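If you read the sequences in order, they're chains A and B. The opening residue of the first sequence carries number 1 in the working numbering; numbering runs sequentially from there. The opening residue of the second sequence carries number 159 in the working numbering; numbering runs sequentially from there.
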Amino acid sequence: MTVDVLERPDVATGEEANVFVALTVADQLCGVPVLAVRDILGQHKITRIPLAPPEIAGSLNLRGRIVTAIDLRRRLRLPPAPAGQRRMSVVAEHGGELYALLVDRVSEVMRLETSAFEPSPPTLPPAWAQFSSGIYRLEGRLLVVLDVGRLLALNEAA
Amino acid sequence: MDELIVDFLSETNESIAELDVALVRLERTPDDQATLSSIFRLVHTIKGTCGFLGLPRLERVAHSAENVLGKVRDGALTATPDTVTLVLTALDRIKAIVAGLAASGNEPAGDDGELVEALNATAAGEGPKAATPAPAPIVAESVPEARQSEPVTTNQTIRVNVDVLEDLMTLVSELVLTRNQLFQLARTQENVGFAVPLQRLSHITSDLQEGVMKTRMQPIGNAWNKLPRLVRDLSREMDKQIELTMLGADIELDRQVLELIRDPLTHLVRNSGDHGLETPAERRAAGKPETGHITLNAFHEGGHIIIEIADEGRGLPLDKIRAKILNNGLATEAELAGMTDAQLQRFIFRRGFSTATVVTAVSGRGVGLDVVKTNIEKFGGTIDLKSVPGAGTTFTIKIPLTLAIVSALIVEAGGERFAIPQTSVVELVRAQKAGRGHNAAGSESVVERINDTPVLRLCDRLLPLVNLTDLLAMGESHNDDTGAYIVVAQVGANSLGIIVDRVFDIEEIVVKPVAPILRHITMFSGNTILGDGSVIMILDPNGIARATGIGAGGDSKAMSSSAMDAQHSTDRTAMLLFRAESEQKLAVPLGLVARLEDIPREQIELSCGAPVTQYRGKLMPLVALSDHLDAAKPRQPVLVFNDGDRSMGLMVDAIVDVVEDRLNIELSGARPGWLGSAVIAGFATDVIDTGYWLTQAWQDWFHGSAQSAMTQGERA
């Protein structure tokens, strides 16, 4: 199950810099810039890779390309997903390689107002502070903007 | 840069490469008209083109060289080594100018007056020729040159950018995979209408794959064409007579592999000429013909291409290698004593083990053999050597046909599937656990354990085993109850058994590099997508062997750590337990013992009052560990110790066991011949001083070879 984001009429035009793919990880609403997203995948078969760093969930086959899957929960030092939960992934490119960020759910594509943006509070846990580039105040909830580049820069972090 | 110049450059570079080969050939067979006219034609073309493009320097040099060659062709001059050297010098000058041209687009400045003068003088029949009237050609006899066919000029070719071919190859590889995927789908479905076009698609895909592969194939001779020149220069420089024979130059190799093999080959051939072959005087003294041969031989063997580089020189000096190993602390004396000659020889592939300092005083140039080995392993090849002292050294390089598609055995361990490249799989064994079904029908292979380390008895040899599930830290292995499948893999000269849970079939896979964040896992050489669409990791048997410390030529870390093991008395050492005189158990480190023998009593003879036995064609002195040995037994157990080509036998009453334990001498003995007592396998055990007993057999045991003295006391 693949959703091609760019075919959505409300996103295809205008200022895409403020358009985010909203996703949930451990009940927290997060967003990644739509321009960074190559694909969104539903539940996908993932091959475990022994001896790999713990954040690496494995690798998967995206139309003939091998994509390394990174578990966002582990990357953010969150407890593992409950067994049997269906998970989705957001595919992004980093340094010429494709990576799939494993999240709990991808909900929608949102255009957000710049006025609702503010930098992350300094009190965020280090794992979150490291990977978030700011917060959007939405009605009734907050959306953490994730920095895809930093999330995927596993080599440098390690 | 001018397009004409670009074309000229690529054309000229090709011509120069051809010329190098042809000139050396001419030197051997000075009256070969075909070679001569092809040389003349090539030089003439270069001259003609540069005149046309307005390159005066090149034209002048090429013109003078052509004059000389013209004279040779007309029979006015003979192609003596000096003439050929002069023409080669001119060719080098042309190369230099062409290189400058390629870099800047203009002819570099420079003076060729002297060279041109020398060429003209030679053409006029004076100069070098007069000085050395017709010296014999470097190589007296001519070799059959069946393989070196004449350059075919009528070949219809076009130049294609290599990137285009690479892209094509990638696409075709993907197509092959997609076809395989379709096949798997079709197998599960009964739709007949689908099958026929799929079959057609399959055929076309295979043909296409073959076709594209062909475009990437080049004869291995392309990587060799610089070697005759190299050997010729080397032989002049070192005053040796070297003849290079090249067989199988038409064997085709993947372009990529060809590029990678070029430098290692050059290095090995240079090594053979430089270090391997002796000087004519040494050869005469050794009763060999003065001319030394280096043979390059390429041939197909079971999905691989084998390249042999053989010289018939002095071979590797084992004693120097031993000394070097000790000097560098790569192994202990005890380990050295237990090593075969082949294992010792493989040390020359180690980093810092320069052959130059080991073999001769002549300095080595360029990279060392460790780099050669690394470069060859980089593209999935292996290198090994065989050396016979006095008779020469042969390096054998084994390389895969192509890097793009490999067939791999699919196995399962810890619930995941893995691919093992077929090329490194020797056989598959279904083994039973020890203690279970020892004599069950059809199970000759039993996994046994040495202190929890599994080994397999296979064809009368012990095969080290690794459990893939454990190695990859994938939790509990499932194969404990069902009997294990063992993939016997060949890594260099070592074999290794990999225990897996299940074995599936063989699939063709396209090796793709793993993501950068996974590169540090040496156990994998890549990953791929299988026919059913799932991603699978490709295991690297080399990496597995390194991780488990197998392979003497491979990882220096593994070896040095095992050397450390033996040095620190707190670490475990394999000990041989035996008895003499009483029930008291005695011990000696197993590494010091070369062999255990059981000699019939009647074969023990007396020489000058001392017992000896005929052993491997020589007399071996026997020393009794005690005066009260049991002399009634029909056979005498003997521990054989070795040093170089000498051996001695230590007679004991019975050989009891081999155990692995810490060797910690707690009570030092005052008796000569005894190091003291240690607790081994729970019992107080006396440990013998091997050094003492060796001198009992050979008074001068340590004087003859001070380097390899078995200073066992230091170890304990």
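Ideal Cβ placement from N, Cα and C applies to all residues, glycine included. The structure presented is a predicted model; accordingly, all values stated were derived computationally and were not measured.
1. Output the residue ranges of the alpha helix (DSSP H) runs that lie fully inside the segment 171 to 230 of chain B and measure 4 residues or longer, sorted by chain position.
2. If the cut is a Cβ gap below 7 Å, which residues of chain D does residue 54(A) touch?
3. Three-state secondary structure (DSSP) at residue 478(B)?
4. Strictly under 8 Å for the Cβ-Cβ distance: is residue 577(B) near chain A by that measure?
5. Grab the span of the alpha helix (DSSP H) containing residue 372(B) for me, first residue to last.
6. Counting only Cβ pairs nearer than 8 Å, list the residues of chain A close to residue 670(B).
7. Between residue 152(A) and residue 32(A), what straight-line distance do the alpha-carbon atoms span, to the nearest angstrom?
8. With 9 Å as the limit, tell me which residues of the segment 691 to 708 of chain B have their beta carbon closer than that to any beta carbon of chain A; keep them in chain order.
9. Please classify residue 582(B) as buried or exposed, where buried requires at least 16 neighbouring CB atoms within 10 angstroms.
10. I want to verify the contact list: residues of chain A whose CB lies under 9 Å from the CB of residue 327(B), in sequence order.
11. Using only alpha-carbon positions, find the residue among 809(B), 614(B), 761(B) that is nearest to residue 772(B).
12. Tell me which residues share the same chain as residue 632(B) and place their Cβ nearer than 6 Å to its Cβ, disregarding the 5 neighbours each side in the sequence.
13. Nearest-angstrom Cα distance between residue 73(A) and residue 24(A)?
14. What does residue 815(B) pair with, by DSSP beta-bridge criteria?
15. I need the boundaries of the alpha helix (DSSP H) containing residue 106(A), first residue and last residue.
16. Could you pull the DSSP bridge partners for residue 71(A) from this structure?
17. If you draw a straight line from the C-alpha of residue 400(B) to the C-alpha of residue 433(B), how long is it?
18. Give a yes or no on whether 8 Å exceeds the smallest Cβ distance from residue 59(A) to chain B.
19. Name the residue from 790(B), 776(B), 731(B) whose alpha carbon lies nearest to the alpha carbon of residue 155(B).
20. Using the C-alpha atoms, what's the distance from residue 628(B) back to residue 643(B)?
21. Anything in the segment 92 to 106 of chain A with a Cβ closer than 8 Å to a Cβ of chain B? List those residues in chain order, please.
22. How about residue 752(B) and residue 799(B): do their beta carbons lie closer than 8 Å?
23. Just the Cα atoms here: how many angstroms apart are residue 743(B) and residue 843(B)?
24. So, helix, strand or coil for residue 506(B), using DSSP?
25. Could you compute how far the alpha carbon of residue 105(A) sits from the alpha carbon of residue 323(B)?
26. Among the residues of its own chain, which have a CB less than 6 Å from the CB of residue 193(B), if the five just before and after it don't count?
27. Note down the Cα distance separating residue 223(B) from residue 389(B), rounded to an integer number of angstroms.
28. Write down the C-beta distance between residue 234(B) and residue 283(B) rounded to the nearest angstrom, noting that I regard them as a contact closer than 8 Å.
29. Please report how far the alpha carbon of residue 346(B) lies from the alpha carbon of residue 459(B), in whole angstroms.
30. Can you name the residues of chain B whose CB is closer than 7 Å to the CB of residue 48(A)?
31. Relative to the C-alpha of residue 706(B), which candidate in 333(B), 239(B), 780(B), 624(B) has its C-alpha closest?
32. Pull out every residue of the segment 656 to 688 of chain B whose Cβ sits closer than 7 Å to any Cβ of chain A, in chain order.
33. Quick check: what's the CA-CA separation for residue 79(A) versus residue 26(A)?
34. Whose Cβ in chain B lies nearer than 7 Å to the Cβ of residue 51(A)?
35. Please determine if the segment 464 to 482 of chain B and the segment 446 to 455 of chain B are in contact, where contact requires at least 3 C-beta pairs separated by less than 8 Å.
36. Taking 8 Å as the CB-CB cut-off, is residue 597(B) touching chain A?
According to the structure data:
1. Those alpha helix (DSSP H) runs which fall completely within the segment 171 to 230 of chain B and span 4+ residues are 191 to 211.
2. Absent here is chain D; the protein component of the structure consists of chains A and B.
3. DSSP, read as helix, strand or coil, puts residue 478(B) in helix.
4. No, because no Cβ of chain A sits closer than 8 Å to the Cβ of residue 577(B).
5. Run containing residue 372(B): 350 to 374, per the alpha helix (DSSP H) assignment.
6. What residue 670(B) touches in chain A: 66.
7. When rounded, the distance between both Cα atoms is 13 Å.
8. If you check each beta-carbon in the segment 691 to 708 of chain B against every beta-carbon of chain A, the ones closer than 9 Å belong to 691, 692, 693, 694, 695.
9. Residue 582(B) comes out buried.
10. None at all; the shortest Cβ gap to chain A is about 15 Å.
11. Among 809(B), 614(B), 761(B), the Cα nearest to that of residue 772(B) belongs to 761(B).
12. Excluding the 5 residues flanking it on each side, residue 632(B) has same chain C-beta neighbours closer than 6 Å at 572, in chain order.
13. Answer to the nearest angstrom: the Cα atoms are 10 Å apart.
14. By DSSP's assignment, residue 815(B) forms a beta bridge with 735(B).
15. Annotation: residue 106(A) is outside any alpha helix (DSSP H); the continuous beta strand (DSSP E) that includes it extends over 105 to 111.
16. For residue 71(A), DSSP records a beta bridge to 102(A).
17. About 12 Å.
18. Yes, because at least one Cβ of chain B sits closer than 8 Å to the Cβ of residue 59(A).
19. Because chain B is modelled from 159 through 874, residue 155(B) falls outside the range shown and cannot be assessed.
20. Answer to the nearest angstrom: the Cα atoms are 15 Å apart.
21. Against chain B - using a Cβ distance shorter than 8 Å - the residues of the segment 92 to 106 of chain A are 95, 97, 99.
22. Closer than 8 Å, so yes.
23. Distance between the alpha carbons of residue 743(B) and residue 843(B): 5 Å.
24. Residue 506(B): helix per DSSP, three-state reduction.
25. Approximately 42 Å between the Cα atoms of the pair.
26. Apart from the 5 residues on each side of it in sequence, residue 193(B) sits with its Cβ closer than 6 Å to the Cβ of 180, 183, 184 in its chain, given in chain order.
27. Near 22 Å, if we compare the C-alpha coordinates of residue 389(B) and residue 223(B).
28. About 7 Å separates the beta carbons of residue 234(B) and residue 283(B), which is inside the 8 Å limit, making them a contact pair.
29. Rounded to whole angstroms, residue 346(B) to residue 459(B) spans 37 Å at the Cα level.
30. Neighbours of residue 48(A) in chain B, taken as residues at a C-beta separation under 7 Å, are given in chain order as 574.
31. Nearest in C-alpha terms to residue 706(B), of all of 333(B), 239(B), 780(B), 624(B), is 624(B).
32. Within the segment 656 to 688 of chain B, 670, 673, 674, 675, 676, 679, 681, 685, 687 place their CB atoms closer than 7 Å to a CB of chain A, listed in sequence order.
33. The straight-line gap from Cα to Cα measures roughly 8 Å.
34. Those within 7 Å of residue 51(A) in chain B are 630, 631, 679, 681.
35. Contact check between the segment 464 to 482 of chain B and the segment 446 to 455 of chain B: three or more CB pairs, one atom from each, fall below 8 Å, which counts as touching.
36. Reliability of the predicted coordinates at residue 597(B) is poor, the pLDDT of 43 falling under 50, and no value is obtained from them.
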